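A.B. asks:
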Amino acid sequence: MTDTPKRDKIVVRNLYKVFGDRPQEGMRLVREGRDKDEIFAQTGQTVGVVDANFNIREGEIFVIMGLSGSGKSTMVRMFNRLYEPTSGSIEIDGEDITRLNDEGLRKLRRDTVSMVFQSFALMPHMKVIDNVAFGLELGGISREERHQRALHALEQVGLAANAESYPDELSGGMQQRVGLARALCADPPILLMDEAFSALDPLIRSEMQDELLMLQEEKQRTIIFISHDLDEAMRIGDRIAIMQGGVVVQVGTPDEILKNPANDYVRSFFRGVDVSKVLTARDIARRTQVTLIDKPEQGPRAAIRMLETHDREYGYVIGRNRRFLGVASLASLDEARKADAALEKALLPDCPTITPETHLGELMNVVATTPYAVPVVDEDGRYAGAVSRSALLQALDNVIGDEKPSGASTDAAPTEAREGV
Amino acid sequence: MNARFNPLQPFDTLQLPFNEWVRDFFNWISGARSFFRAIRQPVDWVLDSVEGILQALPPGLMIVVIALIAWQLVGPRLAIGSFLSLLFVGMIGAYPQTMTTLALVLTAVAFCAAIGIPLGILASRSDRFEQGLRPVLDTMQTTPAFVYLVPIVVLFGIGNVPGVIVTIIFAVAPLIRLTNLGIRQVPKDVIEAALAFGASPRQLLWRVQMPLATKTIMAGVNQSLMLALSMVVIASMISVGGLGQMVLRGIGRLDMGLAVIGGIGIVVLAIILDRMTQALAQSERERGGQRMLDRGPIGLMRRLAARGKGAEQASAAQPNTAPARSDAAA
Ligand SMILES: Nc1ncnc2c1ncn2[C@@H]1O[C@H](COP(=O)(O)OP(=O)(O)OP(=O)(O)O)[C@@H](O)[C@H]1O
Ligand SMILES: [Mg+2]
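Chains R and W, in that order, are what the protein sequence lines are.
If you're matching positions, the first sequence starts at 842 in this note's numbering and goes up one per residue.
If you're matching positions, the second sequence starts at 47 in this note's numbering and goes up one per residue.
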């Protein structure tokens, strides 16, 4: 998402939803700043969504997370107006869908926004192929054409062979593939997926996630995906929105939220997250190691003094333009000094390096078997810090939430001073 | 008021002329003759046509037709069973009465369906309508069948047509209830999915709710049918013809034979009609994926026709026009 800024597909502005027979009364209290429980106790109106403002970009997978009852389903159901917004606007491609009339709304649902349900919600009386073609049938497409397109959608999810089955003859995973095919059939640019994979067992679930990512690679749709499962959100989400009691408390990339949770609620979400799959070398690399600049006037002697002042065994040798050259130890530097050789001669052989994008899980081995902190080198060959065993252990141990993760960005500034000679 | 009020005998003085009020009410309401004639008319017309058809066929042919229908809808066993039992009913001398009763029941059920299913649909769509309807249905179902007879006679007179009308009133309630129930039982997520894919209210009803409610609605039809059969006997007291009349006369004359013959006819009809409506409630899937037209006598005929045609074409040596098989109905 960092490279080309994408167009906003859905723009949500001041969106509210109050359930009940007197929503306006609820609205008044919400605007006064009362909270959900108070409003319910006082008026019997249930607050679903409060003043939501965010944009969803074209082609991204936008995950909405939050505790049960935080308003996630309410939010996405307003995107196709299964629930009528109480106030505010939702623009899709610049058009405010809250103003659509019945006919316009049906057209939106048939052509633009389709939905995958947690409970699959297939029509039990229809064959798989008719289920998939259901949206087209409602739109009055001829039987022949809609079956052809439905078959194509079924091929995309690998179920063409089951076209003539009935839904209850399929396993849960297969049924949800049918649900996905049904949503893909009319080739809509927007998919709403309300805990679409939550009812599936873990293995099938990750299979379906892969499937979704593959489909997304073939053709970029805008997908709004509700999830309870942080790993799932991290895995497939380009950006995540976190909801709390109807309020969208934070929107951002998984990394941004992980590093800068807006409040304790958000932080508590990331408690127990499997950091080895989420954090990368970039996140835990520290610049606390002594760096030795390789220039003519700086020989092994000066380097040894540097290391001794900082009480370090190893130095990280950097050349012009911060290019990483290698690691030198006190012992190798001493040898080079005796031989009166240049700094380069003191570099240790077979020095491993890792890229900033390496996940913690993948770098455990190399960090564990290397006697010194493993240098992190970016694709331009520049030094980006080092991962020590203690930093890795701390990160893995750090059940995030009690303190900020030791992000590189915050640590970098003070340690910069120690670098260079 | 010279009689003194005695609290121990309050009913000596406290009396309501309720009986007269009811009588006056019915006298007044039966003044609207044209209204009741308008109600009679369609019932009269349908009953005449149905009975005409049933009586027009010679009994031998009629029994075979019923057996074929049984075969088509249910299977060969019911076909043989209904053939033999109708034969027996005819041999004990109850054939014409059986046809009369069949006509009465079919007419009543047709009207029950025409009235009950739409009302059930309405009730399923509006909670308020359902709430208003419920006490009416409760009353209709709990009022003893005999009680219906008097006002019906006052308003419509006696004979087969008032008999059908009273049967409709008696038998329609479960169909309304079950239609309402069947539609309301359609899972919420399926409805939501249909709406999410752009179903209009009408599409929702006809492509999702009604197909999924079919089983329950057909159970309602079945109930109506059974109630209609039992009512037709009671309605013989307002001189409705048919098997009920035989039973009633048998009781009146203490003629056991006559009563039992009428009873057998009713039981035979009940079993055949019950099986047929239950089979109608089955979906194509439950019948093993066979479509109605591919099975039973019709399927047999179609297969024979297709083979004949195939043979013709083979002899004409035109391989490019394949025999039109079951896909003709697609
Ligand atoms: N149809 C409805 N009528 C009344 N209240 C509703 C309705 N749907 C949701 N609510 C209320 O709105 C609030 C948000 O519910 P919502 O279903 O959006 O939560 P959710 O985040 O999707 O939860 P879950 O994770 O359990 O699915 C809840 O308090 C709920 O009771
Ligand atoms: Mg939900």
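Even for Gly, the Cβ is constructed at its ideal location relative to N, Cα and C.
None of the values given here were measured: they were computed from a predicted structure.
Leaving out the 5 sequence neighbours to the left and right, which residues in its chain are closer than 7 angstroms to Glu-1052(R) when beta-carbon positions are compared?
C.D. replies: Val-998
A.B. asks: Can you give me the start and stop residues for the beta strand (DSSP E) that Tyr-1263(R) sits inside?
C.D. replies: Limits of chain R in this structure are 842 at one end and 1262 at the other, which puts residue 1263(R) out of reach.
A.B. asks: For Leu-1133(R), tell me which candidate among Ala-1126(R), Asp-878(R), Glu-1154(R) and Ile-1125(R) has the shortest Cα-Cα distance.
C.D. replies: Glu-1154(R)
A.B. asks: Does the Cβ of Thr-884(R) lie closer than 7 angstroms to at least one heavy atom of ligand 1?
C.D. replies: no
A.B. asks: For chain W, check one thing: does any of its Cβ atoms lie closer than 8 angstroms to the Cβ of Asn-1101(R)?
C.D. replies: no
A.B. asks: With respect to the beta strand (DSSP E) encompassing Glu-932(R), which residues constitute its N-terminal and C-terminal limits?
C.D. replies: 928–933
A.B. asks: Going along the chain, which residues of its own chain have a beta-carbon closer than 6 angstroms to the beta-carbon of Phe-72(W), five neighbours each way excluded?
C.D. replies: Val-200
A.B. asks: Buried or exposed: where does Trp-67(W) fall if 16 or more other Cβ atoms within 10 Å of its Cβ makes it buried?
C.D. replies: It is exposed - the Cβ of Trp-67(W) has fewer than 16 other Cβ atoms within 10 Å.
A.B. asks: Could you check whether the Cβ of Asp-460(W) sits closer than 8 angstroms to any Cβ belonging to chain R?
C.D. replies: Nothing can be reported for residue 460(W): it is not among the residues displayed for chain W, which extend from 47 to 376.
A.B. asks: How would the residue list near ligand 1 read, in chain order, if you kept each one whose beta-carbon is closer than 5 angstroms to any heavy atom?
C.D. replies: Phe-860(R), Thr-887(R), Gly-889(R), Ser-909(R), Gly-910(R), Ser-911(R), Gly-912(R), Lys-913(R), Ser-914(R) and Thr-915(R)
A.B. asks: Between Ile-109(W) and Leu-124(W), which are expected to be in contact by the criterion C-beta below 8 angstroms, what is the C-beta distance as a whole number of angstroms?
C.D. replies: Contact between Ile-109(W) and Leu-124(W) is absent: CB atoms are separated by about 13 angstroms, not below the 8 angstroms threshold.
A.B. asks: Using the beta-carbon of each residue, which ones in chain R are nearer than 9 angstroms to Asp-301(W)?
C.D. replies: Near Asp-301(W) there are no residues of chain R at all, since even the closest Cβ is about 52 angstroms away, more than 9 angstroms.
A.B. asks: Ligand 2 heavy atoms versus the CB of Asp-1124(R): any closer than 7 angstroms?
C.D. replies: A distance criterion of 7 angstroms places the beta-carbon of Asp-1124(R) beyond contact range of ligand 2, judged by its closest non-hydrogen atom.
A.B. asks: Can you give me the Cβ contacts of Ile-938(R) inside the same chain, cut-off strictly under 7 angstroms, excluding the 5 residues immediately before and after it?
C.D. replies: Arg-922, Ile-931 and Leu-949
A.B. asks: Please give the ranges of any beta strand (DSSP E) in the stretch 856–917 of chain R, keeping only runs that are unbroken, at least 3 residues long and fully inside the region.
C.D. replies: Runs of the beta strand (DSSP E) spanning 3 or more residues and lying entirely within the stretch 856–917 of chain R occur at 887–898 and 902–907, in chain order.
A.B. asks: So that I know if they touch, is there some Cβ in chain W lying closer than 8 angstroms to that of Val-1240(R)?
C.D. replies: Note on Val-1240(R): pLDDT 48, under 50, position unreliable in the model; the coordinate value appears next. No, because no Cβ of chain W sits closer than 8 angstroms to the Cβ of Val-1240(R).
A.B. asks: Within the continuous beta strand (DSSP E) that includes Thr-1132(R), where are the two ends?
C.D. replies: 1131–1134
A.B. asks: Just how far apart, CA to CA, sit Val-957(R) and Tyr-924(R)?
C.D. replies: 16 angstroms
A.B. asks: If you draw a straight line from the alpha carbon of Ser-76(W) to that of Gly-203(W), how long is it in whole angstroms?
C.D. replies: 11 angstroms
A.B. asks: Where does Arg-951(R) sit, in a helix, a strand or coil, going by DSSP?
C.D. replies: DSSP places Arg-951(R) in helix when its eight states are reduced to three.
A.B. asks: How long is the line joining the alpha carbons of Ala-368(W) and Leu-1071(R), rounded to whole angstroms?
C.D. replies: Annotation note: pLDDT 43 at Ala-368(W) (below 50); position unreliable, coordinate value reported separately. Computed Cα separation, rounded: 58 angstroms.
A.B. asks: Measuring only the C-alpha atoms, how far is Asn-855(R) from Leu-165(W)?
C.D. replies: Looking at the two C-alpha atoms, the distance is approximately 43 angstroms.
A.B. asks: Taking a cut of 9 angstroms between CB atoms, which residues from the stretch 954–974 of chain R lie near chain W?
C.D. replies: Of all residues in the stretch 954–974 of chain R, Val-954, Ser-955, Met-956, Phe-958, Gln-959, Ser-960, Phe-961, Ala-962, Leu-963, Met-964, Pro-965, His-966 and Met-967 have a Cβ within less than 9 angstroms of some Cβ in chain W.
A.B. asks: By the three-class DSSP mapping on this structure, what secondary structure does Leu-1166(R) have?
C.D. replies: Three-state DSSP puts Leu-1166(R) in a strand.
A.B. asks: Taking 6 angstroms as the limit between beta carbons, can you name the residues of its chain near Arg-1178(R), skipping five residues before and five after?
C.D. replies: Pro-1141 and Arg-1142
A.B. asks: Along the chain, where does the beta strand (DSSP E) that runs through Leu-1032(R) open and close?
C.D. replies: 1031–1035
A.B. asks: Under the rule that 16 or more other beta-carbon atoms within 10 Å means buried, what is Met-145(W), buried or exposed?
C.D. replies: buried
A.B. asks: Rounded to whole angstroms, how far is the Cβ of Thr-927(R) from the Cβ of Tyr-857(R), which I believe are closer than 8 angstroms?
C.D. replies: 5 angstroms
A.B. asks: Using a threshold of 7 angstroms, is the CB atom of Asp-1070(R) nearer than that to any non-hydrogen atom of ligand 2?
C.D. replies: no
A.B. asks: Who are the near neighbours of Gly-290(W) in its chain, counting only those whose CB is closer than 6 angstroms to its CB and skipping five residues on each side?
C.D. replies: Val-278, Val-279 and Ser-282
A.B. asks: Given Gly-929(R), which residues of its chain have a CB within under 8 angstroms of its CB, disregarding the five upstream and five downstream residues?
C.D. replies: Val-853, Arg-854, Asn-855, Leu-856, Tyr-857, Asp-892, Ala-893 and Thr-939
A.B. asks: Output yes if chain W places a C-beta closer than 8 angstroms to the C-beta of Leu-1000(R); else output no.
C.D. replies: No, its Cβ sits nowhere closer than 8 angstroms to a Cβ of chain W.
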